[in-house]
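Asker: Structure in structure tokens, see below.
In this note's numbering, the protein residues as written are 204 to 322.
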């Protein structure tokens with residue numbers, strides 16, 4: 204899976220399902236709602252939460268001079284979560300197509316996605 208800059212921000216609001224019962228709903232007003240979301244996506248410590256917050260479509264790189272890629276930054280509202288929520292924003296790359304957008308988490312750009320979220 205590769206990021207696709209041709210996937211527009213306007214087609215992203217929808218509910219996406221991921222592995223292990225994870226779900227993320229992006230709303231047109233910039234709100235998000237998540238279910239069974241891992242507290243730390245890089246550690247498999249078993250902590251998950253249901254919560255809400257906001258999302259923003261952004262373009263970025265992992266290193267200066269590299270090609271920009273689209274991603275969705277997720278910010279969680281700690282007071283609206285059951286239990287605790289991550290303080291740092293989490294990023295999901297944007298891929299797929301305008302007709303079938305896919306959000307995915309990827310640590311290594313040369314490897315397979317760690318998690319894919321589809322409508």
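By construction, the Cβ of each residue, glycine as well, lies at the ideal position given by its N, Cα and C atoms.
Remember, it's a predicted structure, so these values are computed and weren't measured experimentally.
#1: Quick check on the burial criterion: 16 or more other C-beta atoms within 10 angstroms. Buried or exposed for residue 262?
#2: Leaving out five residues on either side along the sequence, give the residues of the same chain with a beta carbon under 8 Å from the beta carbon of residue 300.
#3: Smallest Cα separation from residue 214: which of 305, 253, 269?
#4: Can you tell me where the beta strand (DSSP E) holding residue 296 begins and where it ends?
#5: First and last residue of the beta strand (DSSP E) that includes residue 223?
#6: How many Å lie between residue 227 and residue 249 at the Cα?
#7: If I follow the unbroken beta strand (DSSP E) through residue 250, where does it start and stop?
#8: What number of angstroms, rounded off, separates the C-alpha of residue 319 from the C-alpha of residue 241?
#9: In angstroms, rounded to a whole number, what distance separates the CA positions of residue 234 and residue 293?
Answerer: Taking the definition as stated:
#1: Looking at its Cβ environment, which holds fewer than 16 other Cβ atoms inside 10 Å, residue 262 is exposed.
#2: Same-chain partners within the cutoff: 207, 209, 210.
#3: Measuring from the Cα of residue 214, the nearest candidate turns out to be 305.
#4: Counting along the chain, the beta strand (DSSP E) containing residue 296 begins and ends at 293-299.
#5: For residue 223, there is no enclosing beta strand (DSSP E), as DSSP marks it with neither H nor E.
#6: So the two alpha carbons sit approximately 18 Å from each other.
#7: No beta strand (DSSP E) holds residue 250; DSSP gives it neither H nor E.
#8: Going from the Cα of residue 319 to the Cα of residue 241 covers about 14 Å.
#9: One C-alpha to the other measures close to 14 Å.
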